[in-house]
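Take a look at the structure:
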């Protein structure tokens, strides 16, 4: 991917890599990597107890120096993910302003091993996720590499899709969608999974909208090859694909994120239209 500039802003980053974290408690124990992957991959929010977080700025400063090197965005995953995060801030700030409102940007957290979040403790096995209570996107980059090797979500734009998807959950939070859906899930537990699928597909669509807006406004240049990378990444994390790989069978009633075809369809809809109003998965 090509960007309009190579500048990387670390002001929205909490870099906790190398810090001593915390382990997942009994509430999530016993699931293992594949179980947690199946349940939480690209999740809209976790359901652990609230917890306090600690952060460090020194690592963010070191990262800024590293990312300023020529070729850093192509060489280092952390620099690339942070750059994409910067671009989501820029695009959504402009889009919200044009619609007459202010965009409340999230923060990005890099961690290794485990960390404490506003949603409770999390580990690399949790996968990239957005936590609504603290409005942060959490990434363990080792897990991203594992995702690429085990599920075929390769290429830079695959990583961009993952990042933009999580920011999509932030948009759902600040616009009140996430809270409304959580209330509906609590009122009607039998529909909880179906509502979760609609949330995830909407975040896919929002990620696609970001890609189109960023491309059209010159923030990034997205080629056909990179667009195809995003579609492959969306397919790789479909519930049917993950269930088949982890359990050897597919149970549509247990879907929480949508099938491979659905995830591709909604990402493509967002990218092809560039209109967030086309992302109403709850009306379809």
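Numbering (the numbering used here), first residue to last: 17 to 300. Here a beta-carbon is modelled for each residue, glycine too, at the ideal position from N, C-alpha and C.
Euclidean distance between Cα positions of residue i and residue j
{"i": "residue 233", "j": "residue 265", "result": "43 Å"}
{"i": "residue 120", "j": "residue 269", "result": "35 Å"}
{"i": "residue 299", "j": "residue 199", "result": "17 Å"}
{"i": "residue 38", "j": "residue 154", "result": "Residue confidence is low: residue 38 scores 44 on pLDDT, short of 50, so the model does not pin down where it sits. Its coordinate-derived value is still stated next. Rounded to whole angstroms, residue 38 to residue 154 spans 15 Å at the Cα level."}
{"i": "residue 94", "j": "residue 274", "result": "28 Å"}
{"i": "residue 230", "j": "residue 114", "result": "15 Å"}
{"i": "residue 32", "j": "residue 182", "result": "19 Å"}
{"i": "residue 259", "j": "residue 267", "result": "8 Å"}
{"i": "residue 123", "j": "residue 146", "result": "10 Å"}
{"i": "residue 247", "j": "residue 34", "result": "33 Å"}
{"i": "residue 294", "j": "residue 187", "result": "15 Å"}
{"i": "residue 190", "j": "residue 128", "result": "27 Å"}
{"i": "residue 211", "j": "residue 134", "result": "23 Å"}
{"i": "residue 84", "j": "residue 206", "result": "50 Å"}
{"i": "residue 17", "j": "residue 215", "result": "28 Å"}
{"i": "residue 209", "j": "residue 203", "result": "13 Å"}
{"i": "residue 280", "j": "residue 271", "result": "15 Å"}
{"i": "residue 126", "j": "residue 87", "result": "21 Å"}
{"i": "residue 172", "j": "residue 117", "result": "31 Å"}
{"i": "residue 132", "j": "residue 213", "result": "26 Å"}
{"i": "residue 150", "j": "residue 277", "result": "32 Å"}
{"i": "residue 76", "j": "residue 30", "result": "7 Å"}
{"i": "residue 107", "j": "residue 226", "result": "7 Å"}
{"i": "residue 237", "j": "residue 297", "result": "27 Å"}
{"i": "residue 249", "j": "residue 177", "result": "8 Å"}
{"i": "residue 140", "j": "residue 157", "result": "8 Å"}
{"i": "residue 24", "j": "residue 100", "result": "9 Å"}
{"i": "residue 241", "j": "residue 90", "result": "16 Å"}
{"i": "residue 263", "j": "residue 284", "result": "28 Å"}
{"i": "residue 102", "j": "residue 256", "result": "32 Å"}
{"i": "residue 142", "j": "residue 111", "result": "31 Å"}
{"i": "residue 105", "j": "residue 192", "result": "19 Å"}
Per DSSP, cross-strand counterpart(s) of residue i
{"i": "residue 31", "result": "126"}
{"i": "residue 132", "result": "137"}
{"i": "residue 154", "result": "125, 145"}
{"i": "residue 301", "result": "Absent from the model: residue 301. The displayed extent of the chain is 17 to 300, so no value can be given."}
First and last residue of the uninterrupted alpha helix (DSSP H) at residue i
{"i": "residue 172", "result": "172-190"}
{"i": "residue 260", "result": "255-263"}
{"i": "residue 95", "result": "93-114"}
{"i": "residue 288", "result": "276-289"}
{"i": "residue 266", "result": "Careful: residue 266 lies outside any alpha helix (DSSP H) and carries neither H nor E."}
{"i": "residue 200", "result": "193-203"}
{"i": "residue 82", "result": "74-83"}
C-beta neighbour in chain B for residue i, strict 8 Å
{"i": "residue 146", "result": "Annotation note: the requested chain B is absent from the structure, which comprises a single protein chain."}
Closer than 7 Å: residue i CB and nearest the ligand FAD heavy atom
{"i": "residue 114", "result": "Absent from the structure shown: the ligand FAD. Ligands present: none."}
Given 8 Å, three or more beta-carbon pairs between the stretch 283-297 and the stretch 219-229: yes
Any 3 or more C-beta pairs closer than 8 Å across the stretch 194-212 and the stretch 155-165: no
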